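Its first residue numbered 39, the sequence shown is counted upward by one per residue in my numbering.
For each residue, glycine too, the CB sits at the ideal point set by N, CA and C.
Since the model is a prediction, treat every value here as computed from it, not as a measurement.
One structure is given here, and the rest of the page talks about it.
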Amino acid sequence: MNKVVYLKSGRERSVHHRHPWIFRGAVSRLEGQPENGEVVEVRDSKGEFLAYSAYSHYSSICLRNLTYTKEIYPDRDWIYDRVVKACQLRKAADIDRETNSWRLLFGEADGLPGVIADRYGDAVILQLSTTWADQNKADIAAAITEVYNVSGIYERSDSDIRRLEGLGIASGPITGKVPADQMILTEYDRKYQVNLFSGQKSGFYLDQRVNREKIKKYVSQRRVLNCFSYTGGFTVPALQAGADEVTSVDISEDAVLAVQENVRLNHLDISRSHVVCGDVFSYLRLMRDKGEKYDLIILDPPKFAPTVAQLEKASRGYKDINLLAIKLLNPGGILVTFSCSGGVDAALFQKIVSDAALDAQANVSILETLRQAADHPVSLCFPESSYLKGLICYKIE
Ligand code: SAH
39 MNKVVYLKSG RERSVHHRHP WIFRGAVSRL EGQPENGEVV EVRDSKGEFL
89 AYSAYSHYSS ICLRNLTYTK EIYPDRDWIY DRVVKACQLR KAADIDRETN
139 SWRLLFGEAD GLPGVIADRY GDAVILQLST TWADQNKADI AAAITEVYNV
189 SGIYERSDSD IRRLEGLGIA SGPITGKVPA DQMILTEYDR KYQVNLFSGQ
239 KSGFYLDQRV NREKIKKYVS QRRVLNCFSY TGGFTVPALQ AGADEVTSVD
289 ISEDAVLAVQ ENVRLNHLDI SRSHVVCGDV FSYLRLMRDK GEKYDLIILD
339 PPKFAPTVAQ LEKASRGYKD INLLAIKLLN PGGILVTFSC SGGVDAALFQ
389 KIVSDAALDA QANVSILETL RQAADHPVSL CFPESSYLKG LICYKIE
């Protein structure tokens, strides 16, 4: 018998809209105390079935909905079906023509709360962030192995979100061959060396793939500043497309060293690639004080606002770097600016950049709006899955 969770009157609406999260405040009572990670039945205040949902003791999101049909219980076969559907979506988007490495499963957006699976060549890095996902690890791994031709699945569950779920860090092989730490990722006509075990995220920022391609048309014969460069994701296409020079700035020493490796790997002119290990905020100020000017500046910072609570501080951070960057641009220059903070939506981000332009006394127009690549799909029921926002702006004067 499933344990049952009843919602307060009126709180069933988001479940009817198939939003995957239910917060603790929406719950009126529990029938039986569910275990952490256990699948429960969620009912409205009148006792009507709403969803099968994974229960969490610790998180403020105490229920993560799995299925919305009484007859469809989220078992092993259902997990397999989710993995198949996720695979079909990516086939429809032709992802494997762009790269040998992409996101196979994107958590709630693919119907599997807390499950991130990234494919790197024939290896998969799995990152689990909910107790339900942890408990179903074997079935998830088996489904991935069956659906894709992969040699091994390795776990790197090290995200901060796990702490909110009362989970520790977990890493190590799950099934198949243990992948080599280093692999060569291909993306369009570029290659990157990736460290699967020690790199940031699951090794690489797969979500920026299409945007790295998009900047190519703006860089020819330009002086480019790539801020928050990591291992040179944007540096490589900029040099490929004929930038005069690219300066890559990142606070991680390993990352900036890897920039030059990746420039060499792509047989590009290393003398055009400069790297700086340091804080972007200070570097931009230093360049302003020195009177340096650039033709194209990329700002791809880490998440300043993981949650809405840090929104104000994050907004200041975004405004600061965008203001400095706009000032450093020559007239006719291009700003490629991103936010990957879930708490900052597209409208707010545009407002922040607009305020920055105003303070910089610059006349700036948007040429293109950018988003995460299609292997990080945005579920219409789950707007939170749209996290990466980008603008390509033109500085008129
Ligand atoms: N554009 C990259 C991904 C950037 S991720 C790509 O395409 O691969 C964000 C990067 O910002 C990380 O590499 C992190 O090391 C770096 N970072 C974080 N805070 C920083 C700071 N204050 N100054 C410089 N780099 C920072």
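Could you give the first and the last residue of the continuous beta strand (DSSP E) run that contains residue i?
{"i": "residue 44", "result": "42-45"}
{"i": "residue 142", "result": "139-144"}
{"i": "residue 157", "result": "153-158"}
{"i": "residue 404", "result": "402-409"}
{"i": "residue 231", "result": "228-233"}
Anyone know if the C-beta pair for residue i and residue j falls short of 7 Å?
{"i": "residue 195", "j": "residue 150", "result": "no"}
{"i": "residue 162", "j": "residue 178", "result": "no"}
{"i": "residue 394", "j": "residue 368", "result": "no"}
{"i": "residue 265", "j": "residue 346", "result": "no"}
{"i": "residue 60", "j": "residue 101", "result": "yes"}
{"i": "residue 337", "j": "residue 375", "result": "yes"}
{"i": "residue 43", "j": "residue 78", "result": "yes"}
{"i": "residue 216", "j": "residue 223", "result": "no"}
{"i": "residue 315", "j": "residue 294", "result": "yes"}
{"i": "residue 184", "j": "residue 164", "result": "no"}
{"i": "residue 159", "j": "residue 221", "result": "yes"}
Using DSSP with H/G/I as helix, E/B as strand and the rest coil, what is residue i?
{"i": "residue 300", "result": "helix"}
{"i": "residue 61", "result": "strand"}
{"i": "residue 279", "result": "coil"}
{"i": "residue 432", "result": "strand"}
{"i": "residue 92", "result": "strand"}
{"i": "residue 319", "result": "helix"}
{"i": "residue 254", "result": "helix"}
{"i": "residue 246", "result": "helix"}
{"i": "residue 338", "result": "coil"}
{"i": "residue 372", "result": "strand"}
{"i": "residue 120", "result": "helix"}
{"i": "residue 84", "result": "coil"}
{"i": "residue 312", "result": "strand"}
{"i": "residue 273", "result": "helix"}
{"i": "residue 67", "result": "strand"}
The alpha helix (DSSP H) spanning residue i covers which residue range?
{"i": "residue 209", "result": "Not the alpha helix (DSSP H): residue 209 falls in the beta strand (DSSP E), residues 208-214."}
{"i": "residue 362", "result": "349-366"}
{"i": "residue 265", "result": "Note, residue 265: premise wrong, no alpha helix (DSSP H); beta strand (DSSP E) at 261-265."}
{"i": "residue 73", "result": "First-last for residue 73: undefined, no H or E at that position."}
{"i": "residue 222", "result": "Unbroken run through residue 222 is the beta strand (DSSP E), 220-225; no alpha helix (DSSP H)."}
{"i": "residue 102", "result": "Taken as a continuous stretch (DSSP letters only), residue 102 belongs to no alpha helix (DSSP H), being part of the beta strand (DSSP E) at 99-105."}
* Uninterrupted beta strand (DSSP E) stretches inside the segment 149-205 (no shorter than 3 residues) -> 153-158, 161-166, 190-195
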